[in-house]
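Asker:
Numbering (UniProt numbering), first residue to last: 1 to 457.
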């Protein structure tokens, strides 16, 4: 078994040397990482195709380009982020000055899932490095080809006492890894394992970010632009063969536009992937046999109105639309994480809002409408990690806003400067002058109360 205690001890010793504290060191590390990624770019695409049947274009757009943009953004703004932030100081504290410092936590653990194995490992890692931390990176072993490339990049770019990759394939290895004392943990994965990570973190009161998932609803109202809605929903749902944490999980459509929407969905799916998506170079595959079998069982609910074809040998499931779904069907009880889109109809948006209030808070919510007041009300009376109006998934791609969950879909956020903040301890510092010492605050307090009230008012 890998000696994780030795790994974390070496990283802590390296962190304590103070080498990671300067902006020059961090920027240099990020630039080296970018060069390492670019030197392995073709191998990354090949690995993602072998693991998930991702096309080169999809791999670039949803994996590689996002990491490269995160690196460039951090390099450009890092010195500004690191600069102590001056803030106001109350009059009663005169003569003092107050500043906010962002300090690295120390030795951090980043655990990535298999669905976007490259991007979801390196995006938070960029934030951890930018903030001055050491990193133990845990890629997913379910995408074995991508794992090998990740390990090569990390081992060639970083010293192991600074950033290293560990596999932890077996259950006992994962238990041992989580038993170590980290200064921060960043986990992306399912809520079930997220509970385990949080329990492990509680042992040392380790702060953490949990990027989980859930059933993200998509709602198409009667006044939506149907053709645009269908195109965007189909793209977001069947991207990566539906194995996206923010994919529309199920669809609520107003009964007055249900048939037109179904027609457009069928049309655009065929436009995207052809008459036989099995032959499409742009359509992915399910990651494992176990995941394939789980999805196959979920397909038994309702009535398949489009798609439904499967091929177990290649773990292929066609883009599938399922009508006549009931809220108590198995497909509505768990995150689907595959190319199955259950369709339910509604007649009143209040009915939708009331239903959502009874469910776990999702990672995302998507609402298609032409009425800005309807959109405002939907956002006001529902809760989700993020949301899009008249679109899906795209909020994840914006580096200027934080991405994260709420409740059962996670806690904490990242992307852009928010990744730097996530991996930084916010330290408040008050500096007082030794030359002026106002004695009003010292005992005895006789006859000082009125003065205190005036000063603190």
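We put the CB at the ideal spot given by N, CA and C, even for glycine.
How many angstroms separate the CA atom of residue 19 from the CA atom of residue 3?
Answerer: As a working note, residue 19 is residue 19 in the chain shown. As a working note, residue 3 is residue 3 in the chain shown. Spanning the two alpha carbons is a distance of roughly 24 Å.
Asker: Runs of 4 residues minimum, wholly inside the segment 166-221: which ones carry the alpha helix (DSSP H) assignment?
Answerer: Here the runs fully enclosed are 171-178 and 191-203.
Asker: Between residue 224 and the rest of its own chain, which residues show a CB-CB distance below 6 Å, the 5 nearest in sequence each way excluded?
Answerer: Walking along the chain shown from the start, residue 224 turns up at place 224. So the list reads 368 and 369, once near-sequence residues are dropped.
Asker: Exposed or buried, what is residue 1 when buried is set at 16 or more other beta-carbons lying within 10 Å of its beta-carbon?
Answerer: Working through the chain shown from its first residue, we reach residue 1 at position 1. Per-residue confidence for residue 1 stands at a pLDDT of 49, beneath the threshold of 50, marking its modelled position as unreliable; the derived number appears in the next sentence. Label assigned to residue 1: exposed.
Asker: By DSSP, does residue 23 sit in helix, in strand, or in coil?
Answerer: Along the chain shown, read from residue 1 onward, the residue named residue 23 stands at position 23. Helix.
Asker: For the beta strand (DSSP E) that contains residue 386, what are its first and last residues?
Answerer: One-based indexing of the chain shown puts residue 386 at position 386. Unbroken beta strand (DSSP E) run through residue 386: 386-389.
Asker: Between the Cα of residue 339 and those of 248, 274 and 50, spot the shortest distance and give me the residue it belongs to.
Answerer: Position 339 of the chain shown, counted from the start, is the residue given in the question as residue 339. Out of 248, 274 and 50, 248 has the C-alpha closest to the C-alpha of residue 339.
Asker: Can you tell me whether residue 159 is helix, strand or coil according to DSSP?
Answerer: Mapped onto the chain shown, residue 159 falls at position 159. Three-state DSSP puts residue 159 in coil, outside helix and strand.
Asker: Let me check understanding here. Comparing Cα to Cα, which of 311, 37 and 291 lies closest to residue 278?
Answerer: Reading the chain shown from its first residue, position 278 is the one you call residue 278. Residue 311 is the option with its Cα nearest to residue 278.
Asker: So, for residue 238: in the same chain, excluding its five sequence neighbours on each side, which residues have a beta-carbon less than 6 Å away from its beta-carbon?
Answerer: Residue numbering aside, residue 238 sits at position 238 when the chain shown is read from its first letter. For residue 238, where only same-chain residues beyond five positions count, the Cβ hits under 6 Å are 319 and 339.
Asker: Suppose you measure from the CA of residue 233 to the CA of residue 428; what does that come to, to the nearest Å?
Answerer: On the chain shown, residue 233 is found 233 positions in, with the first residue counted as 1. On the chain shown, residue 428 is found 428 positions in, with the first residue counted as 1. Using only the alpha carbons, I get a separation of about 45 Å.
Asker: Among 394, 447 and 221, whose alpha-carbon lies nearest the alpha-carbon of residue 347?
Answerer: In the chain shown, counting from the first residue as 1, residue 347 sits at position 347. Closest option to residue 347, Cα to Cα, is 221.
Asker: Identify whether residue 345 lies in helix, strand or coil by the three-state DSSP scheme.
Answerer: Counting from 1 along the chain shown, the entry for residue 345 is found at position 345. Strand at residue 345.
Asker: Since residue 393 and residue 246 should fall inside the 8 Å C-beta cutoff, what is the C-beta to C-beta distance between them, to a whole number of angstroms?
Answerer: In the chain shown, counting from the first residue as 1, residue 393 sits at position 393. In the chain shown, counting from the first residue as 1, residue 246 sits at position 246. The Cβ separation is near 5 Å, so the contact holds.
Asker: My understanding is that residue 209 touches residue 414, with C-beta atoms under 8 Å, so please give their C-beta distance in whole angstroms.
Answerer: As a first step, residue 209 must be located in the chain shown, where it is residue number 209. As a first step, residue 414 must be located in the chain shown, where it is residue number 414. Their Cβ separation, rounded to whole angstroms, is 7 Å, which keeps residue 209 and residue 414 in contact under 8 Å.
Asker: Could you check what DSSP says for residue 242 in three-state terms: helix, strand or coil?
Answerer: On the chain shown, residue 242 is found 242 positions in, with the first residue counted as 1. Helix.
Asker: Mind checking whether residue 43 and residue 142 have CB atoms under 9 Å apart?
Answerer: In the chain shown, residue 43 corresponds to position 43, counting from 1. In the chain shown, residue 142 corresponds to position 142, counting from 1. Not a contact, by the Cβ cut-off of 9 Å.
Asker: So residue 458 and residue 61 are in contact, right, with Cβ under 8 Å, and what is the actual spacing, rounded?
Answerer: Residue coverage of the chain in this structure runs from 1 to 457, which leaves residue 458 outside it and unanswerable.
Asker: Would residue 166 and residue 118 qualify as a contact pair, given that the criterion is a beta-carbon distance under 9 Å?
Answerer: Taking the chain shown and counting its residues from 1, one reaches residue 166 at position 166. Taking the chain shown and counting its residues from 1, one reaches residue 118 at position 118. Result no, Cβ atoms of residue 166 and residue 118 do not sit closer than 9 Å.
Asker: Grab the span of the alpha helix (DSSP H) containing residue 79 for me, first residue to last.
Answerer: Position 79 of the chain shown, counted from the first residue, corresponds to residue 79. Run containing residue 79: 65-82, per the alpha helix (DSSP H) assignment.
Asker: Which same chain residues end up closer than 6 Å to residue 114 when comparing Cβ atoms and leaving out the 5 residues on each side of it in sequence?
Answerer: As a first step, residue 114 must be located in the chain shown, where it is residue number 114. Closer than 6 Å at Cβ, skipping near neighbours: 140, 142, 143 and 287.
Asker: Taking the Cβ atom as the reference point for each residue, do residue 470 and residue 145 lie within a distance shorter than 9 Å?
Answerer: Because the chain spans 1 through 457 in this model, residue 470 falls outside it and cannot be assessed.
Asker: Going along the chain, which residues of its own chain have a beta-carbon closer than 8 Å to the beta-carbon of residue 324, five neighbours each way excluded?
Answerer: Numbered from its first residue, the chain shown carries residue 324 at position 324. Within the same chain, residue 324 has close Cβ partners 302 and 303.
Asker: Please go through the segment 90-149 and give each complete beta strand (DSSP E) segment of 3 or more residues, from N-terminal end onward.
Answerer: You should have 96-104, 107-111 and 134-138.
Asker: Just checking, does the segment 175-184 make contact with the segment 381-390 on the three C-beta pairs under 8 Å criterion?
Answerer: The answer is no - the segment 381-390 does not touch the segment 175-184, with fewer than three Cβ pairs under 8 Å.
Asker: My guess is that residue 242 and residue 337 are in contact by the Cβ rule of under 8 Å, so how many angstroms apart are they, rounded?
Answerer: Counting from one through the chain shown, the residue named residue 242 turns up at place 242. Counting from one through the chain shown, the residue named residue 337 turns up at place 337. Yes, they are in contact, since the Cβ atoms of residue 242 and residue 337 sit about 7 Å apart, within 8 Å.
Asker: State the start and end residues of the unbroken beta strand (DSSP E) segment that holds residue 431.
Answerer: Walking along the chain shown from the start, residue 431 turns up at place 431. Here the beta strand (DSSP E) through residue 431 covers 424-432.
Asker: Can you tell me which of 244, 203, 226 and 200 puts its alpha carbon nearest to the alpha carbon of residue 214?
Answerer: Stepping through the chain shown from its first residue, residue 214 is reached at position 214. That would be 244, whose Cα lies nearest to the Cα of residue 214.
Asker: In or out: residue 452 buried (at least 16 other Cβ within 10 Å) or exposed?
Answerer: Sequence index remark: in the chain shown, residue 452 carries index 452 (1-based). Exposed, because fewer than 16 other Cβ atoms sit within 10 Å of the Cβ of residue 452.
Asker: Closest by CA to residue 421, which one among 387, 6 and 102?
Answerer: Position 421 of the chain shown, counted from the start, is the residue given in the question as residue 421. Checked all of 387, 6 and 102; the closest Cα to residue 421 is 102.
Asker: Report yes if the C-beta distance between residue 187 and residue 211 is below 9 Å; otherwise report no.
Answerer: Position 187 of the chain shown, counted from the start, is the residue given in the question as residue 187. Position 211 of the chain shown, counted from the start, is the residue given in the question as residue 211. Yes, Cβ-Cβ distance for residue 187 and residue 211 is below 9 Å.
Asker: Per the contact definition of three or more C-beta pairs closer than 8 Å, is the segment 86-102 in contact with the segment 119-130?
Answerer: Contact fails: fewer than three Cβ-Cβ distances are below 8 Å.
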